[in-house]
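Chemist: Structure incoming, see below.
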Amino acid sequence: MSPFSLSKWARLKSPWILHFNSGACNACDIEVVALLTPRYDVERFGVLLKATPRHADVLIATGPVTRQAALRLKRIYEQMPEPKFVIAVGTCASSGAPFKQCYNVLGGVDKVIPVDVYVPGCPPKPEAILYGVTKLLEKIKEAAE
Amino acid sequence: MKAMTPEEEAANIVKGALGEYVLESKIPKPRRVYIHVKPEANKKAVSTLLQSFPCAIISTITGIDLGETIEINYHFWCGKAEVTIRTNVPKSKPKIETITDIIPGALLYEREVHDLLGVKFINHPNLARLLLPESWPENSYPLRKDWNPKHVGNLAYSLEKTITLGETRTEKNAGLLVNVIVGPQHPALHEPERFLFKLDGEIVVDVEPRLGYAHRGIEKGAERLMFFQDVHLIERVCGICNVAHTTCFCQAVETLGKIEVPPRAQYLRMIVHELNRIHSHLLLLGIVGLEIGFESLFQYLWRDREIVLDLTEKLTGNRVMAEYSTIGGVRRDLTPVLGDEIKRGLRKIKDRLSFYREIFQSDPTVELRTKGIGMLSEEKALKLCVVGPVARGSGVKSDVRKHDPYAAYEDAPFREVLYKDGDSWARLMVRLDEVGESIDIITWAVDNIPGGPFRTRVPRRMPKREALSRVEAPRGELIHFVRGNGTAYPERVKIRSPTLANIISFREMIRGCYVADIPAVLASLDPCFSCTDRMVFLDEKSGRKWVWTLNDLKARRRI
């Protein structure tokens, strides 16, 4: 097994995620945290929540992007090592939803960084977020082949 | 002669002291007083009120653009009534004397009004930006009626003043301090907020938070939507205490339109409100477990929290966003079968509570990391006007459910949980005990719920009046101030979330603590920045000047 294929295998088997809230109302955030707890226990799929962007493969972004958080979100994305992926969790992160016309909101996460998977819902249930993660893994696998 | 009610008493005290400076005073409903004074007498009215009611706290300051003038409302809770002192300043020269020297709790509220409406508070110690980004254009105030989004243009990104914020201190020992910036992305909280800690070795000497990362502009957004649409927007101010926000907003609108809510709806609101409180408190206690390095406690608590989320889902249709309260009642009814299920589920949690109580009372890890840490004295808590479990952890009576009952709380049997210790541990114990009280309230309400309809039809247009509504959110007193203008759209919606009242005390708590205690102390405050940032933030001292000496630090150091 070459080092390249080894890292590819590891990425598919254990994606490390980073969570960033760019102006969400907390509902999506607590559902992302609920993923780690005994009922959903996402760690059994090798998914680990990391504290720093430099360790993460996948960025889970929640909330509409506010003017003040926009540059921060971009910086965090830039700090992640390649290859990197983004999941937009929640309707706000997908499109800006109810806050779309509020004066301090730019819109969805895709206004600032590229997004791979959108998980709609207000907030999406943990099962839906889990489904989004598996969709992303399929996408990575396809791209690798 | 009939005895004077507390409302009349408050109005008479201010009238007696100010004489002709009082333009108008009215008592639209029990426990609500509005006193309109001339701007030059505003400060005297406030100080008279504070002297007559020593336990009075400032709830918030609401600014409203009336076209020619800007109306400023100072809301005070005086123990038995909510007194609003109102004054008008001309929009061309919006200037008024600050009240922060008599009540330091007003620091942030004045900054908020300055940031969003452009009112200058004369002699305010620091009228810097609170919520809006630093790159926001000068003289552009989004809450003014003539504000146009074009003023902002294509202001796409903005970077806060990263380092300069920390260089404002001029103490002699400033050179010895190390600045550590935490956030906005950080592992401790799942919300974006930036803190600048000043450290002397391992000890925190000062902290300057910067809010505004989650400021979306909901108050302005609410003016654009109709009342019944606003319920959905207001629900999304905060995902954790969403029931408190909708209940508070609906109550305000119902007062506005003089709408009678069926008693069954009042009970149903109370049930969902308390389910929400249990879920929020268990969530927070779990997060504290995580912060103090006790991860199994976090996993246990969040596992038990799922029971509440399931019950909420069965009753309201959604795990987190309940979307339950609406203007004129609630959206769904409670069946007897579901009522029994709720009681069964809560019994399970009640059994587990004794286990958690034992952990919080006797576990050495919890004791070492929370007892005697993050102290807030009763006197300080009153002065800084903190609310909710933070105030009750310092022994200040502040439960809105008890002192200003709404929904069906007047009949419900429960006690106000008070701890005198004032440390992180006391704040956590308040929450743990409140979970038990909430379970009792829900069980009682399910057994005693009256029959009848759970919703009434309401008109879309609301009259030209105003209403102030208070509820006890899981984090403390939540206030909504709503004014109608005769149409289906509100003239002004003002929200004061409990975290904005509490965050000012974080500085007081964290001084003298170790760096390692920061997450645990912050978590014991249960900050919710989504609520707070919808309008705001801080970095002010309580008006007192102080210089740390080495001996001061030594005295505070724990060995």
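Keeping their order, the protein sequence lines are chains A and B. Residue 120 in numbering that gives the first Met the number 0 is what sits at position 121 of the first sequence, and the numbering runs on without skipping anything. Residue 122 in numbering that gives the first Met the number 0 is what sits at position 123 of the second sequence, and the numbering runs on without skipping anything. Glycine included, every Cβ here is placed at the ideal spot set by N, Cα and C. Keep in mind the model is a prediction, meaning the values are calculated, not measured.
Compare the C-alpha of leucine 281 of chain B against each of B:Gln298, B:Arg343, B:Ile71, B:Leu267 and name the closest.
Modeler: As a working mapping, residue 281 of chain B is identified with position 282 in the second sequence. The option with the nearest alpha carbon to leucine 281 of chain B is B:Gln298.
Chemist: If contact means a Cβ-Cβ distance below 7 Å, which residues of the region 107-132 of chain A contact chain B?
Modeler: Residues Cys121, Pro122, Lys124.
Chemist: Could you tell me the boundaries of the alpha helix (DSSP H) in which aspartate 420 of chain B lies?
Modeler: Counted from its first residue, the second sequence places residue 420 of chain B at position 421. Careful: aspartate 420 of chain B lies outside any alpha helix (DSSP H) and carries neither H nor E.
Chemist: Please name the residue in B:Tyr33, B:Phe248, B:Gly15, B:Glu111 whose C-alpha comes closest to that of tyrosine 405 of chain B.
Modeler: For the purposes of this step, residue 405 of chain B is taken as residue 406 along the second sequence, with counting starting at 1. Minimum Cα distance to tyrosine 405 of chain B is reached at B:Phe248.
Chemist: Could you tell me if threonine 86 of chain B is buried or exposed, where buried requires 16 or more neighbouring beta carbons within 10 angstroms of its beta carbon?
Modeler: Walking along the second sequence from the start, residue 86 of chain B turns up at place 87. Its Cβ being crowded by 16 or more others within 10 Å, threonine 86 of chain B is buried.
Chemist: Below 8 Å on the Cβ atoms is my contact criterion, and I expect valine 429 of chain B with arginine 391 of chain B to pass it. Report the Cβ-Cβ distance as a whole number of Å.
Modeler: Sequence index remark: in the second sequence, residue 429 of chain B carries index 430 (1-based). Sequence index remark: in the second sequence, residue 391 of chain B carries index 392 (1-based). Indeed they touch by this definition, with Cβ atoms about 5 Å apart.
Chemist: Is the region 58-65 of chain A touching the region 2-14 of chain A, taking contact as three or more C-beta pairs under 8 Å?
Modeler: No, the region 58-65 of chain A is not in contact with the region 2-14 of chain A.
Chemist: Less than 8 Å between CB atoms is the rule here; does glycine 66 of chain B satisfy it with respect to chain A?
Modeler: Position 67 of the second sequence, counted from the start, is the residue given in the question as residue 66 of chain B. Not closer than 8 Å to any Cβ of chain A, the Cβ of glycine 66 of chain B fails to qualify, so no.
Chemist: Can you list, in chain order, the residues of the region 9-34 of chain A whose Cβ is nearer than 9 Å to any Cβ on chain B?
Modeler: Result list: Leu17, His18, Phe19, Asn20, Ser21, Gly22, Ala23, Cys24, Asn25, Ala26, Cys27, Asp28, Ile29, Glu30, Val31, Val32, Ala33.
Chemist: Should the region 23-42 of chain B be regarded as contacting the region 86-96 of chain B, the criterion being three or more beta carbon pairs within less than 8 Å?
Modeler: Touching, yes, given that three or more Cβ pairs across the two stretches are closer than 8 Å.
Chemist: Tell me, please, whether the CB atom of arginine 215 of chain B is closer than 8 Å to any CB atom in chain A?
Modeler: Here residue 215 of chain B is taken as the residue at index 216 of the second sequence, counted from 1. Yes, because at least one Cβ of chain A sits closer than 8 Å to the Cβ of arginine 215 of chain B.
Chemist: If distances are taken between C-alpha atoms only, which option among B:Pro5, B:Val230, B:Leu65 comes closest to serine 324 of chain B?
Modeler: Counting from one through the second sequence, the residue named residue 324 of chain B turns up at place 325. Ranking the options by Cα distance to serine 324 of chain B, first place goes to B:Val230.
Chemist: Using 10 angstroms around the beta-carbon of cysteine 54 of chain B, count the other beta-carbons present and answer buried if the total reaches 16, otherwise exposed.
Modeler: For this step, residue 54 of chain B is matched to residue 55 along the second sequence. Burial call: exposed.
Chemist: According to DSSP, is asparagine 25 of chain A part of a helix, a strand, or is it coil?
Modeler: Position 26 of the first sequence, counted from the start, is the residue given in the question as residue 25 of chain A. It is coil, neither helix nor strand.
Chemist: Find the residues of chain B that neighbour alanine 68 of chain A, judging by a C-beta separation of less than 8 Å, and give them in chain order.
Modeler: Here residue 68 of chain A refers to the residue found at position 69 of the first sequence. Here the neighbours are Pro183, Pro191, Tyr212, Ala213.
Chemist: What in chain B is Cβ-close to valine 104 of chain A, meaning under 8 Å?
Modeler: Locating residue 104 of chain A in the first sequence gives position 105, counting from the first residue. What valine 104 of chain A touches in chain B: Arg215, Gly216.
Chemist: Our contact map puts threonine 369 of chain B next to aspartate 410 of chain B with C-beta atoms below 8 Å; I'd like the distance itself, whole angstroms only.
Modeler: Counting from one through the second sequence, the residue named residue 369 of chain B turns up at place 370. Counting from one through the second sequence, the residue named residue 410 of chain B turns up at place 411. No, threonine 369 of chain B and aspartate 410 of chain B are not in contact; Cβ-Cβ is about 35 Å, not under 8 Å.
Chemist: For histidine 278 of chain B, count neighbouring Cβ atoms within 10 angstroms of its own Cβ and tell me buried if that reaches 16, exposed if not.
Modeler: If you number the second sequence from 1, residue 278 of chain B lands on position 279. Histidine 278 of chain B comes out buried.
Chemist: Name the residues in the region 289-322 of chain B whose C-beta lies less than 7 Å from a C-beta of chain A; which are they?
Modeler: Listed in sequence order: Gln298, Trp301, Arg302, Glu305, Arg318, Val319, Met320.
Chemist: Counting only C-beta atoms, is glycine 62 of chain B closer than 8 Å to chain A at any point?
Modeler: Here the question's residue 62 of chain B lines up with position 63 in the second sequence. False, the Cβ-Cβ gap to chain A never drops below 8 Å.
Chemist: Give a yes or no on contact between the region 358-365 of chain B and the region 379-398 of chain B, applying the rule of three or more CB pairs nearer than 8 Å.
Modeler: No contact exists between the region 358-365 of chain B and the region 379-398 of chain B.
Chemist: So what does DSSP say about serine 437 of chain B, is it helix, strand or coil?
Modeler: Start at 1 with the first residue of the second sequence, and residue 437 of chain B comes out as number 438. Here serine 437 of chain B sits in helix by DSSP.
Chemist: Could you confirm whether any beta carbon from chain B is found closer than 8 Å to the beta carbon of phenylalanine 98 of chain A?
Modeler: Along the first sequence, read from residue 1 onward, the residue named residue 98 of chain A stands at position 99. Cβ-Cβ to chain B under 8 Å: yes for phenylalanine 98 of chain A.
Chemist: Can you confirm whether valine 179 of chain B, when its beta carbon is compared against all beta carbons of chain D, has any partner nearer than 8 Å?
Modeler: Absent from the structure is chain D; the protein chains it does hold are A and B.
Chemist: Which residues in the same chain have their Cβ closer than 7 Å to the Cβ of leucine 49 of chain B, if we skip the five residues on either side of it in sequence?
Modeler: If you number the second sequence from 1, residue 49 of chain B lands on position 50. If we look at leucine 49 of chain B and ignore the five residues flanking it on each side, its Cβ neighbours are Ala55, Ile101, Ile102.
Chemist: Strictly by DSSP, which residues pair up with aspartate 205 of chain B?
Modeler: Taking the second sequence and counting its residues from 1, one reaches residue 205 of chain B at position 206. Per DSSP, B:Lys197.
Chemist: Report yes if the CB atom of phenylalanine 453 of chain B is closer than 8 Å to the CB atom of glycine 328 of chain B, and no otherwise.
Modeler: In the second sequence, residue 453 of chain B corresponds to position 454, counting from 1. In the second sequence, residue 328 of chain B corresponds to position 329, counting from 1. Contact: yes.
Chemist: In the DSSP assignment, find the alpha helix (DSSP H) that holds leucine 333 of chain B and state where it starts and stops.
Modeler: For the purposes of this step, residue 333 of chain B is identified with residue 334 of the second sequence, where counting begins at 1. Taken as a continuous stretch (DSSP letters only), leucine 333 of chain B belongs to no alpha helix (DSSP H), as it is neither H nor E.
Chemist: What residues in its chain sit with their C-beta under 8 Å from that of alanine 221 of chain B, if we drop five residues either side in the sequence?
Modeler: Locating residue 221 of chain B in the second sequence gives position 222, where the first residue counts as 1. Correct list, in chain order: Asp229, Leu232, Ile233, Pro489, Val492.
Chemist: At the level of alpha carbons, what is the spacing between proline 473 of chain B and leucine 431 of chain B?
Modeler: Taking the second sequence and counting its residues from 1, the one referred to as residue 473 of chain B is at position 474. Taking the second sequence and counting its residues from 1, the one referred to as residue 431 of chain B is at position 432. Proline 473 of chain B and leucine 431 of chain B: Cα-Cα distance of roughly 12 Å.
Chemist: Using only the alpha-carbon positions, how far apart do glycine 211 of chain B and alanine 68 of chain A sit?
Modeler: Residue numbering aside, residue 211 of chain B sits at position 212 when the second sequence is read from its first letter. Residue numbering aside, residue 68 of chain A sits at position 69 when the first sequence is read from its first letter. C-alpha separation (whole angstroms): 8 Å.
Chemist: With a threshold of 8 Å on Cβ separation, who are the neighbours of leucine 135 of chain A within its own chain once the five nearest residues in sequence on each side are excluded?
Modeler: Here residue 135 of chain A corresponds to residue number 136 of the first sequence, with the count starting at 1. Counting only Cβ-Cβ distances below 8 Å, and skipping sequence neighbours, we find Pro14, Val57, Phe84, Ile86, Asp115, Val116.
Chemist: Which stretch, first to last residue, makes up the alpha helix (DSSP H) that contains aspartate 114 of chain B?
Modeler: The residue labelled residue 114 of chain B in the question sits at position 115 within the second sequence. That run of the alpha helix (DSSP H) goes 106-116.
Chemist: Would a C-beta distance cut-off of 8 Å place leucine 255 of chain B and alanine 466 of chain B closer than the cut-off?
Modeler: Looking up residue 255 of chain B in the second sequence gives position 256. Looking up residue 466 of chain B in the second sequence gives position 467. Cβ distance < 8 Å, so leucine 255 of chain B and alanine 466 of chain B count as in contact.
Chemist: Quick one: list the residues of chain B neighbouring isoleucine 59 of chain A, beta-carbon separation under 9 Å, in chain order.
Modeler: As a position in the first sequence, residue 59 of chain A is number 60, starting the count at 1. Correct list: empty, because the minimum Cβ distance to chain B is about 10 Å.
Chemist: Is cysteine 77 of chain B close to chain A? Criterion is C-beta to C-beta, closer than 8 Å.
Modeler: Locating residue 77 of chain B in the second sequence gives position 78, counting from the first residue. So, not an interface residue.
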